[in-house]
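Residue numbers (the numbering used here): 38 to 614.
Heads up, the beta-carbon is just placed ideally off N, CA and C, and yes, glycines get one too.
Structure first, commentary second.
The structure is reproduced here in structure tokens:
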């Protein structure tokens, strides 16, 4: 039988409890719950913006959706630059284990010293640090296989340049942020770059996406860019130039190939060059696009323009005789000389023999303004209209300041300066009907119309003179080309140093056209400071012209117009300069 409990036997339980106390306790609990509900309503409904913002600051991220950069193509659709997806390695420093073996393997795969890796990871307050951008896919796979906590990968785009150093000064390169830094990559950065998209997400502390906050904005890929460059012509021009610079132990060199009919740039090469995909340790010597950024006194390559002006104004004809004896001419206190005393020369022979005396005597018949207008009309003293950063205008002083001796020296290429691109462009007037066609770095679908400079007959007459230069008795017989007739003009100029000229530093230049009767291309070559015994333009630059012309015309499908092999010349005439 169970025993009943007498609660009243306890004095504590036996004391009566006031009713208000229990009601008070219940009321406090109810008010607490009401306060919590009110606070929740306030935070989540009434004043939720602040707290949402604070949450986003801690966990919400805007992820960039990179646009794929447009390709750069040559005129035949061959890829000169393209983007490929590659992994970039990043980390959360505080999460990365400090096990020596794991870090040592990671440093080895990242190709960096262990000390450098430790330095990147030493700030544990950071939640993000790049370890290495744009690594190879195989490296990314090996790093993932390590399974290191706190080390992650992100997809980025990396540029590839299949033509390497041969086309480096044309295409340029981008930086690690995929922004153009040189060449066409810089000139058309906006068009190539496209527009990045974005994605707003919530991430956990491990960097994993937990939730999308809003609809993503899709990226707009950059558009492709088709250049006028022919990759085969570019490669042959670069290789030929490189061989010549090394052979003559020269400081540098450049070559430009233009389509006479359309004004398109078919090749633009410089040496020394660089590999666009390798941005480390690049020097100014490698990066300089000398064909556009360097100007120089062009020497005797200016003579055809002065003769062309004299023909155009009726002052002379190709057969007009000029007395050049005794091979010296004094103007004021200065004396101009030829390399040989030629005696009486026709205007044709003045160009063929590259006579300074003959050219000066013709030039001094003209008012300075006429020469200045002519030089300006062919583009000298003006920035080339090509979309390249750093293109120079050269130097052509106002005609009002010319002294007689300055007018004389400018007729054979001293006292003014041009870039190699300007020189090649100017020579196109002799390959056309005397007009100057605009330059283009982009592919042109139809021949362009030009600005008249000389009469059509004058252009033909000068072209015949240029052909004589490359034949027997001329100064550029090494410019002759197997299967094709050519014409051009040599130039050899002392290099300026300060206010004077270096005694043994020269630039050898050659500019010309081919085939000579119906020109398709204009080619200009410059060899800077050859030091291996030869320095005349006919010796160092003309052979580069010859090989470049032969390869270019074959690539373009131009039928040979000669059935004989060029003569083996042993009595080339030295030019005056």
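In the DSSP assignment, residue 307 falls within the beta strand (DSSP E) that extends over 302 to 308.
Secondary structure of residue 405 (DSSP, three-state): helix. Within the same chain, 112, 263, 264, 265, 301 come within 8 Å of residue 480 by CB-CB distance, once the 5 residues on both sides are set aside. Comparing alpha-carbon positions, the option among 502, 172, 270, 260 lying closest to residue 207 turns out to be 270. For residue 57, the enclosing alpha helix (DSSP H) starts and ends at 56 to 78. Per the DSSP secondary-structure output, residue 374 pairs in a beta bridge with 365. Here the alpha carbons of residue 121 and residue 259 stand approximately 13 Å from one another. At a Cβ-Cβ threshold of 8 Å, residue 225 and residue 326 do not count as neighbours. Residue pairing for residue 265: DSSP places it in no beta bridge.
Within the segment 189 to 240, the runs of alpha helix (DSSP H) at least 4 residues long that lie entirely inside it are, in chain order, 205 to 208, 220 to 224, 226 to 230. Minimum Cα-Cα distance from residue 476 among the listed residues 185, 376, 573, 297 corresponds to 297. Straight across, the Cα-Cα distance linking residue 460 with residue 596 is about 26 Å. Contact between the segment 531 to 549 and the segment 479 to 496 is absent, with fewer than three C-beta pairs closer than 8 Å.
Contact check for residue 388 against residue 359 fails: the beta carbons are separated by 8 Å or more.
A Cβ-Cβ separation of about 12 Å leaves residue 516 out of contact with residue 528 under the 8 Å criterion. The beta carbons of residue 394 and residue 441 sit about 15 Å from each other, so the pair does not count as a contact at 8 Å. Within the model, the alpha-carbon separation for residue 584 versus residue 261 is close to 32 Å. Between the segment 305 to 320 and the segment 335 to 343, the count of C-beta pairs closer than 8 Å stays below three; the two stretches do not touch.
In the DSSP annotation of this structure, residue 563 is not part of any alpha helix (DSSP H); the continuous beta strand (DSSP E) holding it starts and ends at 558 to 565.
Collapsing the DSSP output to three states places residue 507 in coil. For residue 190, same chain residues with a beta-carbon under 8 Å away, outside a window of 5 residues either side, are 124, 125, 126, 127, 177, 180, 181 in chain order.
Residue environment: residue 79 is assigned as exposed (fewer than 16 neighbouring CB atoms within 10 Å of its CB, all protein chains considered). Counting the other CB atoms within 10 Å of its CB gives residue 413 a total below 16, which places it among the exposed residues. Distance between residue 534 and residue 203, taken at the CA atoms: about 30 Å. Taking each of 450, 523, 428, 433 in turn and checking the Cα distance to residue 467, the smallest one comes out for 523.
Counting only runs that start and end inside the segment 532 to 560, the beta strand (DSSP E) elements of at least 3 residues fall at 537 to 551.
When DSSP assignments are scanned along the segment 116 to 163, the uninterrupted stretches of beta strand (DSSP E) that are 3 or more residues long and fall wholly within it turn out to be 116 to 128. Per the coordinates, the alpha-carbon of residue 108 lies some 11 Å from the alpha-carbon of residue 231.
Nearest Cα to residue 196 within the set 210, 590, 186, 185: 210. Here residue 214 has no same chain residue with a Cβ atom under 7 Å from its own Cβ, once five neighbours each way along the sequence are excluded. For residue 593, there is no enclosing alpha helix (DSSP H), since its DSSP letter is neither H nor E. A Cβ-Cβ separation of about 6 Å places residue 558 in contact with residue 589 under the 8 Å criterion. Between residue 278 and the set 233, 328, 550, 448, the nearest pair of CA atoms involves 328.
Annotated three-state conformation of residue 467 is helix, per DSSP. Per the DSSP secondary-structure output, residue 530 pairs in a beta bridge with 544.
Contact between the segment 370 to 390 and the segment 340 to 353 is established, with three or more Cβ pairs separated by less than 8 Å.
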